[in-house]
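*Asks:*
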Amino acid sequence: MNELIRLLAYMLGIAAFLGLNLAYLGWVERKGAGHFQRRTGPKEVGPYGLLQPLADGLKLMSKQLVVPTNADRPLYMCAPILIMVPSVLLFVAIPFGEHLVPREFNFGLIMMFAFASMAGLSILIGGWGSGNKYSLIAGTRAVSQNVAYEIPMLITAINIVLITGSLDLNEIVRQQGSYIWNWNVFRLDKSILMPVSFLVFFICSLAETNRTPFDLGECEGELVAGYHTEYGGMGFGLFMMAEYANLVIGCSLTTVLFLGGWQCPFGLFPGPHWFLLKMYFLIWCFVWIRWTYPRTTFWGLLNLSWKYLIPFSLVNLLLTALFIKVF
Amino acid sequence: MSGYFKEIITGLKSLAIGLQITNKEFFTKPITLQYPHESVKMTPRYRGHIELVKDPQTGTHRCIACGMCEKGCPTGCITVQAEKREGVKGKVLTAYILNFTTCSLCGQCVENCKPEAINFSNEYNLASTRREDYIFNLLQKLHPEGVPEPEIDPELLKKEREKKEAAKKEPAKKAAAKEGGESKAEEKS
Numbered sequence: 003m004n005e006l007i008r009l010l011a012y013m014l015g016i017a018a019f020l021g022l023n024l025a026y027l028g029w030v031e032r033k034g035a036g037h038f039q040r041r042t043g044p045k046e047v048g049p050y051g052l053l054q055p056l057a058d059g060l061k062l063m064s065k066q067l068v069v070p071t072n073a074d075r076p077l078y079m080c081a082p083i084l085i086m087v088p089s090v091l092l093f094v095a096i097p098f099g100e101h102l103v104p105r106e107f108n109f110g111l112i113m114m115f116a117f118a119s120m121a122g123l124s125i126l127i128g129g130w131g132s133g134n135k136y137s138l139i140a141g142t143r144a145v146s147q148n149v150a151y152e153i154p155m156l157i158t159a160i161n162i163v164l165i166t167g168s169l170d171l172n173e174i175v176r177q178q179g180s181y182i183w184n185w186n187v188f189r190l191d192k193s194i195l196m197p198v199s200f201l202v203f204f205i206c207s208l209a210e211t212n213r214t215p216f217d218l219g220e221c222e223g224e225l226v227a228g229y230h231t232e233y234g235g236m237g238f239g240l241f242m243m244a245e246y247a248n249l250v251i252g253c254s255l256t257t258v259l260f261l262g263g264w265q266c267p268f269g270l271f272p273g274p275h276w277f278l279l280k281m282y283f284l285i286w287c288f289v290w291i292r293w294t295y296p297r298t299t300f301w302g303l304l305n306l307s308w309k310y311l312i313p314f315s316l317v318n319l320l321l322t323a324l325f326i327k328v329f
Numbered sequence: 147m148s149g150y151f152k153e154i155i156t157g158l159k160s161l162a163i164g165l166q167i168t169n170k171e172f173f174t175k176p177i178t179l180q181y182p183h184e185s186v187k188m189t190p191r192y193r194g195h196i197e198l199v200k201d202p203q204t205g206t207h208r209c210i211a212c213g214m215c216e217k218g219c220p221t222g223c224i225t226v227q228a229e230k231r232e233g234v235k236g237k238v239l240t241a242y243i244l245n246f247t248t249c250s251l252c253g254q255c256v257e258n259c260k261p262e263a264i265n266f267s268n269e270y271n272l273a274s275t276r277r278e279d280y281i282f283n284l285l286q287k288l289h290p291e292g293v294p295e296p297e298i299d300p301e302l303l304k305k306e307r308e309k310k311e312a313a314k315k316e317p318a319k320k321a322a323a324k325e326g327g328e329s330k331a332e333e334k335s
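Here it is in structure tokens:
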């Protein structure tokens, strides 16, 4: 019974956290986009445009759901739901604080990757189901991109698993000490290439969440709006929200694996606030990067993965194994 | 192989420089103009719709209602209405109507105007959903609170009245003269 209440409370908590984040990350992104280009961003609806997400939501909900005649109706309808489900589900395993985990899995990391790779599939379903060639091209692009970037991401994650000897996300955080040099980014005693592998992981999470400069799946210059060209109203809204949910997940995972999760950088008051601080810093970096770099070409994207990220992560994996064996 | 690493290093460096630039822009003040609340000050050479120029000496327009603008307009979008009044030299402008829906801003009217009574305005906030909103009475625009009555020159008025009376009297005189002539003729006969 106690367990049930605990789970219900976590469910509500995650729903609230997620809802707030999905609504206000859009606002943060627009504000950031504005100020990076010396504009002001939304400011008319409410003070500092803070009611803008509400207005957007109302607008999206009041729109008619149109299914194109060429569309594969069941696939078309289920793609936005399918992309949202794993994003929400993944919050189950994220350790916000030492005792603030919805459910501690001893295989949390594997679960994260398993469900995160579903995003590519649902994008493909959405692209195929729309019955539109632009959407289809976007879907295939998203899949090949996700496949290309999942490999270096997984290999880099294996580094962490080698170092900590555990797949439990909370255990991974616990093993990173409470000082900044004990975090996995700076653990040069385990492998001197750890900062590089952090960079590789960061770039991969950028690509996995389909963010600029890797948003080849929805590049509006070539493919109208990519896989969500044919979606309007809340169907589009779900795709949009799933993007932000994936952003939160990607940043949480980077925080957990490399930046010491809920650990404090100088050994004082570890807790969820540190986790949130690091996560939001990473999200801000994502926004910053999005409004700085232009989109890459598709071959550039694949080259980056196969010619740079994968060799680097493989060398790093070997080095880590060597360091652990020797020292 | 050395090219491979060189490319990575120069690439990362250029990416960092890009981030620095946007970061700098982030902390500078936005240059957005909040349009409905503020508006741009137009340059004097901006060609808006035409307007009547206010003469600083008389405080009113300089139009003499010659109608040259009306004649020169290729689309016929100008209508000048004027009337003759007692005691005022020349014609008095009663309405200067510009149909802006057909105006092409060619400036022929401004070129043609001898007393330089019309010029381009700086107005550009002209969005409307009704066609009638684009038919301007420029005289009303110049004097929104009411068009001032033209000054009456007493001497001119006197002269005009005299002339009129003279004109009235003339047929009577002629008639009298005729009658007189006839009577004379009768007398002669």
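Chains as they are written, first to last, in our numbering: chain W, 3 to 329; chain V, 147 to 335. Glycine residues also receive a C-beta, built at the ideal position from the N, C-alpha and C atoms. These figures come from a predicted structure and were not determined experimentally.
(1) Out of W/Gly179, W/Cys253, W/Pro296 and W/Pro267, which has the shortest C-alpha to C-alpha gap to W/Phe337?
(2) Between W/Lys135 and the ligand SAH, is there a pair consisting of the residue's CB and a ligand heavy atom that are separated by less than 6 Å?
(3) Whose C-beta lies closer than 7 Å to the C-beta of W/Gly252 among residues of the same chain, with five residues either side of it excluded?
(4) DSSP puts V/Tyr242 in a beta bridge; with which residues?
(5) According to DSSP, is V/Lys315 part of a helix, a strand, or is it coil?
(6) Does DSSP put W/Tyr246 in a helix, a strand or coil?
(7) Quick one: is V/Thr189 near chain W, going by C-beta distance under 7 Å?
(8) Assuming V/Asn265 is part of the beta strand (DSSP E), what are its boundary residues?
(9) Can you give me the C-alpha to C-alpha distance between V/Glu297 and V/Tyr192, rounded to a whole angstrom?
(10) Could you give the uninterrupted runs of the alpha helix (DSSP H) lying entirely in the region 129–193 of chain W, keeping only those of 4 residues or more?
(11) Within the same chain, show all residues whose beta-carbon is closer than 6 Å to that of W/Thr158, passing over the 5 residues directly before and after it, in chain order.
(12) With 7 Å as the C-beta to C-beta threshold (strictly closer), list the residues of the region 172–183 of chain V near chain W in chain order.
(13) Use the C-beta contact count for W/Phe155: other C-beta atoms within 10 angstroms, 16 or more gives buried, fewer gives exposed.
(14) Using a Cβ cut-off of 7 Å, pull out every chain V residue sitting near W/Phe38, in sequence order please.
(15) Looking at W/Ala118: is its Cβ nearer than 7 Å to the Cβ of W/Gly129?
(16) Counting Cβ pairs, one atom from each stretch, are 3 or more of them under 8 Å apart for the region 24–42 of chain W and the region 290–308 of chain W?
(17) Step through the CB atoms of chain V and report whether any lies within less than 7 Å of the CB of W/Thr2.
(18) W/Lys327: buried (16+ other C-beta within 10 angstroms of its C-beta) or exposed?
(19) When DSSP labels each residue in this structure, what does W/Leu6 get in the three-state scheme?
(20) Quick one: residues in its chain with C-beta nearer than 8 Å to the C-beta of V/His195, no 5 flanking neighbours on either side, listed in chain order?
(21) Is the shortest distance between the beta-carbon of V/Gly164 and the beta-carbons of chain W less than 7 Å?
(22) Measure the alpha-carbon distance for V/Asp299 versus V/Cys212 and round it to whole angstroms.
(23) Using a Cβ cut-off of 7 Å (strictly closer), state whether W/Thr214 contacts chain V.
(24) Does any residue of chain V have a CB that is nearer than 7 Å to the CB of W/Leu321?
(25) List the residues of chain C that V/Ile154 touches, going by C-beta distances under 8 Å, in chain order.
(26) Rounded to whole angstroms, what's the CA-CA distance from W/Ser132 to W/Leu138? Just pull it up for me.
(27) With a threshold of 8 Å on Cβ separation, who are the neighbours of V/Leu288 within its own chain once the five nearest residues in sequence on each side are excluded?
(28) Please tell me whether W/Gly239 and W/Val68 are closer than 7 Å, where the distance is taken between their beta carbons.
(29) Can you give the Cα-Cα distance for W/Pro97 and V/Met188, rounded to whole angstroms?
(30) Could you check which residue in W/Leu321, W/Ile312, W/Leu306 and W/Ala323 has the C-alpha nearest to that of V/Glu153?
(31) Can you tell me which residues form a DSSP beta bridge with V/Ile196?
(32) Tell me the DSSP secondary structure of W/Lys61 in three-state form.
(33) Secondary structure at V/Glu308, three-state DSSP: helix, strand or coil?
(34) Which of the three DSSP states, helix, strand or coil, is assigned to W/Phe19?
(35) Can you give me the Cβ contacts of W/Met114 inside the same chain, cut-off strictly under 7 Å, excluding the 5 residues immediately before and after it?
(36) Give the straight-line distance between the Cα atoms of V/Leu285 and W/Glu232, rounded to the nearest whole angstrom.
*Replies:* The relevant details are as follows:
(1) Residue numbering for chain W in the displayed model covers 3 to 329; residue 337 of chain W lies beyond these limits and cannot be assessed.
(2) The ligand SAH is not part of the structure shown, which contains no ligands of any sort.
(3) Position 250 of the first sequence, counting from 1, holds the residue named residue 252 of chain W. Around W/Gly252: Ser207, Glu210 and Thr211.
(4) Position 96 of the second sequence, counted from the start, is the residue given in the question as residue 242 of chain V. Checking the DSSP bridge columns, you'll see V/Tyr242 partnered with V/Val226.
(5) Counted from its first residue, the second sequence places residue 315 of chain V at position 169. V/Lys315 falls in the helix class under three-state DSSP.
(6) The sequence position of residue 246 of chain W within the first sequence is 244, counting from 1. Note: W/Tyr246 maps to helix in three-state DSSP.
(7) Reading the second sequence from its first residue, position 43 is the one you call residue 189 of chain V. V/Thr189 does not count as touching chain W.
(8) Numbered from 1 along the second sequence, position 119 holds the residue referred to as residue 265 of chain V. According to the DSSP assignment, V/Asn265 belongs to the beta strand (DSSP E) that extends over Ile264 to Phe266.
(9) By one-based count along the second sequence, residue 297 of chain V stands at place 151. By one-based count along the second sequence, residue 192 of chain V stands at place 46. Pairing V/Glu297 with V/Tyr192, the inter-Cα distance amounts to about 34 Å.
(10) 135–166 and 171–177
(11) As a first step, residue 158 of chain W must be located in the first sequence, where it is residue number 156. So the list reads Ser199, Val202, Phe203 and Ser315, once near-sequence residues are dropped.
(12) Phe172, Thr174, Pro176, Ile177 and Thr178
(13) Here residue 155 of chain W is taken as the residue at index 153 of the first sequence, counted from 1. Checking the displayed sequence, the identity of residue 155 of chain W turns out to be Met instead of Phe. Counting Cβ neighbours within 10 Å, W/Met155 comes out buried, since at least 16 surround it.
(14) Along the first sequence, one-based indexing puts residue 38 of chain W at 36. Within 7 Å Cβ-Cβ: Thr168, Glu171 and Phe172.
(15) Working through the first sequence from its first residue, we reach residue 118 of chain W at position 116. Working through the first sequence from its first residue, we reach residue 129 of chain W at position 127. It is not a contact, given that the beta carbons lie outside the stated cut-off.
(16) yes
(17) An answer regarding residue 2 of chain W cannot be provided, because it is not within the stretch 3 to 329 covered by chain W.
(18) Your numbering for residue 327 of chain W matches position 325 in the first sequence. W/Lys327 comes out exposed.
(19) Looking up residue 6 of chain W in the first sequence gives position 4. Here W/Leu6 sits in helix by DSSP.
(20) As a position in the second sequence, residue 195 of chain V is number 49, starting the count at 1. So the list reads Leu244, Phe246, Cys249, Leu251, Phe266, Ser267, Glu269, Leu272 and Phe282, once near-sequence residues are dropped.
(21) Counting from one through the second sequence, the residue named residue 164 of chain V turns up at place 18. V/Gly164 counts as touching chain W.
(22) Looking up residue 299 of chain V in the second sequence gives position 153. Looking up residue 212 of chain V in the second sequence gives position 66. If you take the alpha carbons of V/Asp299 and V/Cys212, they lie about 21 Å apart.
(23) Start at 1 with the first residue of the first sequence, and residue 214 of chain W comes out as number 212. Chain V, which has no Cβ nearer than 7 Å to the Cβ of W/Thr214, makes this no.
(24) Position 319 of the first sequence, counting from 1, holds the residue named residue 321 of chain W. Cβ-Cβ to chain V under 7 Å: no for W/Leu321.
(25) Here chain C cannot be found, since the structure's protein chains are W and V.
(26) Taking the first sequence and counting its residues from 1, one reaches residue 132 of chain W at position 130. Taking the first sequence and counting its residues from 1, one reaches residue 138 of chain W at position 136. Spanning the two alpha carbons is a distance of roughly 8 Å.
(27) Counting from one through the second sequence, the residue named residue 288 of chain V turns up at place 142. Answer for V/Leu288: Glu197, Leu198, Lys200, Thr206 and His207, listed in chain order.
(28) Sequence index remark: in the first sequence, residue 239 of chain W carries index 237 (1-based). Sequence index remark: in the first sequence, residue 68 of chain W carries index 66 (1-based). Taking 7 Å as the Cβ cut-off, W/Gly239 and W/Val68 do not qualify as a contacting pair.
(29) For the purposes of this step, residue 97 of chain W is taken as the residue at position 95 of the first sequence. For the purposes of this step, residue 188 of chain V is taken as the residue at position 42 of the second sequence. Rounded to the nearest angstrom, the two C-alpha atoms are 58 Å apart.
(30) Against the second sequence, residue 153 of chain V aligns to sequence position 7. Scanning W/Leu321, W/Ile312, W/Leu306 and W/Ala323 for the CA closest to the CA of V/Glu153 turns up W/Leu306.
(31) Here residue 196 of chain V refers to the residue found at position 50 when the second sequence is read from its first residue. The beta-bridge partner set that DSSP reports for V/Ile196 consists of V/Phe266.
(32) For the purposes of this step, residue 61 of chain W is taken as the residue at position 59 of the first sequence. In this structure, W/Lys61 counts as helix in the three-state DSSP scheme.
(33) Against the second sequence, residue 308 of chain V aligns to sequence position 162. Here V/Glu308 sits in helix by DSSP.
(34) In the first sequence, counting from the first residue as 1, residue 19 of chain W sits at position 17. It is helical.
(35) Counted from its first residue, the first sequence places residue 114 of chain W at position 112. Cβ within range, chain order: Leu92, Ala95 and Leu255.
(36) Position 139 of the second sequence holds residue 285 of chain V. Position 230 of the first sequence holds residue 232 of chain W. So the alpha carbons of these two residues sit roughly 54 Å apart.
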